[in-house]
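Chains as they are written, first to last, in this note's numbering: chain A, 317 to 632; chain B, 317 to 632. All C-beta atoms in this analysis are idealised placements derived from N, C-alpha and C, irrespective of residue type, glycine included. Because the structure is a prediction, the values reported are computed rather than measured.
Right, here's the structure in full:
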């Protein structure tokens, strides 16, 4: 466990500093879905967040945490997903340079969104090692600060602002379900609740086709995912040396769900709540649906992590 | 023009009486969409309304307006769309019997929703005349009150509650765009604004493939639609002798849009706002998009009429 985990006052200050840059997203409820699960669910709607996902919280906090010298040299990350847009947007807000390493095979819409925020794209091969080498090259050449999409304490601290808002907008929750990919979101949510509502239990939802957090919790050490296979494209990454200790300490259990369960949960939310959530977000709800017997009459929060989907390739 | 059009106090009372039965739906905004159109748009989100559309407002008011003797004999309507669910739900809330005449070819999900609210379905042939004959039969046999999905003053009065909420949640709007099918919604919205904010101009959006309101306004008399052909399934019906005079009096202009414009507008809202709106709702936004030059720097309301779509048959 890193010794420098922040306390309540520090997290509150971080959340306050983020306010000018992010939306305070709504908490939504659905009577029909409550009837379906037997629990009272508060959906924290980060699909309505700027850039379409929670990632802006961590990206913005990481950028705001830079020194002036660091800001002058810019930031670099590797991401073909939501963090790419988030860091590009955060850098634009702060008036600094951002370079995003992406595989040449990236979806055009995602590339265009990053370019639209004024960031520079640097193409790499499609293997994880390729992008890391490219990031290292950029750092060496420019002095830019590398910001990891999940395994970065400033990113995690930024995400805790989402937990603080959810805590303030709901009565005390018994449990919160969060999707788990690299573990940055659930670490931030767990850190927030640990400080603001320690009695609230933390659960993770993870695709069975990328169940490294489940395996890592069982083994007591990081077991990286190999050949992830899931529609939940935000959750194909592995835990890191910063996220894993936080999750091990603060998360009660990781539940896995199969692809059909993810797609079915996503469809239920689209049809019943009329909101667009991405497959990664549906994983957290699918985990509750699958284990609803254990949460009857409980107040449950679900972190709807984002709403960026390719409408041309829906699973329905 | 019917002489019995209600004034401000009466409409306010109707809206108050509806409150226990409906949601006060949110007004949403999108910076990206404002930049796209150059206007400042308030989306009134009836896709989040109970039963998934605004129709519950009119249906509930019609049911609440019945005498006790009428209530004892129940209600009947013909609808294979949102009004079917709305009247079934309204009747359930009031504890009265509802019979819904639907064509045998109705989509299963819509049938199931109506049955789920405890209403009885009576199947008819698929031609408009078939369902009217069947409704007449039910009225004669049971004494049930027939409630037309749009051409009914109590239905229209109920819909005006949507205008009152939008008026109260926004600064004074310059214009409001509403989709036009049978004309019940736009009549109610126009009646509401006429009383609460008469300087706000009313515009209708209509599919070119079902442009009876556009044609009727031009001709100064009702020109019913023949062979409507549009994805906007809620807008295939024609104006009636109650809705047309109200529209003629209070609506500034009806804009038509073609199918590609409807689908494109729907996709923009799904992608940018992360909310599910049905094609009929997209028609109002498409009408603004097409005519945005005339609404630069204006405050514009758009009535998002509903969010009931068949995810198995999306146009993307």
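Excluding the five sequence neighbours on either side, which residues of its own chain have a C-beta within less than 6 Å of the C-beta of residue i, listed in chain order?
i: residue 446 of chain A; result: 440
i: residue 297 of chain B; result: With chain B covering 317 to 632 only, the question about residue 297 of chain B has no answer from this structure.
i: residue 361 of chain A; result: 341, 342, 344 and 620
i: residue 527 of chain A; result: 572
i: residue 483 of chain B; result: 512 and 513
i: residue 493 of chain B; result: 519, 521, 600, 603, 604 and 618
Just tell me which of the options has its CA closest to the CA of residue i.
i: residue 518 of chain A; options: A:545, A:526, A:549 and A:562; result: A:562
i: residue 431 of chain A; options: A:442, A:414 and A:419; result: A:414
i: residue 555 of chain A; options: A:465, A:499 and A:614; result: A:499
i: residue 515 of chain A; options: A:425, A:584, A:409 and A:614; result: A:614
i: residue 630 of chain A; options: A:619, A:402, A:618 and A:582; result: A:582
i: residue 590 of chain A; options: B:365, B:345, B:324 and B:350; result: B:365
i: residue 369 of chain A; options: A:483, A:586 and A:478; result: A:478
i: residue 524 of chain B; options: B:510, B:485 and B:547; result: B:547
i: residue 596 of chain B; options: B:580, B:485, B:412 and B:352; result: B:580
i: residue 382 of chain B; options: B:351, B:462, B:451 and B:434; result: B:462
i: residue 577 of chain A; options: A:544, A:522, A:528 and A:535; result: A:522
i: residue 530 of chain B; options: B:483, B:336 and B:560; result: B:560
i: residue 393 of chain A; options: A:484, A:324 and A:451; result: A:451
i: residue 325 of chain B; options: B:626, B:612, B:510 and B:528; result: B:510
i: residue 408 of chain B; options: B:424, B:435, B:416 and B:417; result: B:435
i: residue 338 of chain A; options: A:371, A:608, A:497 and A:399; result: A:371
i: residue 611 of chain A; options: A:348, A:320, A:353 and A:347; result: A:353
i: residue 367 of chain A; options: B:457, B:493, B:587 and B:609; result: B:587
i: residue 348 of chain A; options: B:433, B:346 and B:476; result: B:433
i: residue 552 of chain A; options: A:384, A:389, A:397 and A:346; result: A:397
i: residue 476 of chain A; options: A:455, A:453, A:493 and A:502; result: A:502
i: residue 385 of chain A; options: A:458, A:425 and A:320; result: A:458
i: residue 346 of chain A; options: A:557, A:584, A:453 and A:558; result: A:584
i: residue 575 of chain B; options: B:627, B:558, B:632 and B:628; result: B:632
i: residue 455 of chain B; options: B:424, B:389 and B:320; result: B:389
i: residue 320 of chain B; options: B:493, B:558 and B:506; result: B:558
Within its chain, find whatever has a CB closer than 8 Å to the CB of residue i; leave out the 5 residues flanking it on each side and keep chain order.
i: residue 480 of chain B; result: 327, 328, 331, 508 and 512
i: residue 474 of chain A; result: 330, 334, 373, 374, 375, 376, 377, 378 and 504
i: residue 448 of chain B; result: 394
i: residue 536 of chain B; result: 564
i: residue 416 of chain A; result: 392, 393, 394, 395, 400, 403, 404, 430, 435, 436, 437 and 438
i: residue 425 of chain B; result: 626
Could you pull the DSSP bridge partners for residue i from this structure?
i: residue 394 of chain A; result: A:417
i: residue 590 of chain B; result: Bridge partners of residue 590 of chain B: none, in fact.
i: residue 439 of chain B; result: B:418
i: residue 461 of chain B; result: B:391
i: residue 572 of chain A; result: A:522
i: residue 619 of chain B; result: B:360
i: residue 344 of chain A; result: A:359
i: residue 379 of chain B; result: Its beta-bridge partners do not exist; DSSP assigns none.
i: residue 494 of chain B; result: B:520
i: residue 597 of chain A; result: Per DSSP, none; premise fails for residue 597 of chain A.
What is the C-beta distance between residue i and residue j, in whole angstroms, given that I count them as a contact (C-beta under 8 Å)?
i: residue 379 of chain B; j: residue 404 of chain B; result: So it is not a contact: roughly 11 Å between Cβ atoms.
i: residue 343 of chain B; j: residue 355 of chain B; result: Between residue 355 of chain B and residue 343 of chain B the Cβ distance is about 15 Å, and since that is not below 8 Å, they are no contact.
i: residue 395 of chain B; j: residue 495 of chain B; result: Actually they are not in contact, since the Cβ atoms of residue 395 of chain B and residue 495 of chain B sit about 16 Å apart, beyond 8 Å.
i: residue 427 of chain B; j: residue 437 of chain B; result: 6 Å
i: residue 622 of chain A; j: residue 350 of chain A; result: 23 Å between Cβ atoms; not a contact.
i: residue 497 of chain B; j: residue 550 of chain B; result: 5 Å
CB-CB under 7 Å to residue i, same chain, minus the five flanking residues each way: which ones, in chain order?
i: residue 564 of chain A; result: 533
i: residue 322 of chain B; result: 473
i: residue 387 of chain A; result: 410 and 412
i: residue 573 of chain A; result: 521, 523, 524, 599, 602, 603 and 606
i: residue 391 of chain A; result: 379, 403, 407, 412, 414, 460, 461 and 463
i: residue 485 of chain B; result: 343
i: residue 592 of chain A; result: 363, 586, 623 and 625
i: residue 544 of chain A; result: 525, 526 and 552
i: residue 608 of chain A; result: 353, 354 and 355
Query raised in the report: Counting pairs of Cβ atoms below 8 Å between the region 463 to 477 of chain B and the region 567 to 575 of chain B, do you hit three or more?
Result: Touching, no, given that fewer than three Cβ pairs across the two stretches are closer than 8 Å.
Requested in this report: Would you check if there are 3 or more beta carbon pairs closer than 8 Å linking the region 536 to 546 of chain A to the region 485 to 494 of chain A?
Outcome: Contact check between the region 536 to 546 of chain A and the region 485 to 494 of chain A: fewer than three CB pairs, one atom from each, fall below 8 Å, which does not count as touching.
Query - Residues from the region 568 to 602 of chain A in contact with chain D, defined by Cβ distance under 7 Å - result: In the structure shown, chain D does not exist; the protein chains are A and B.
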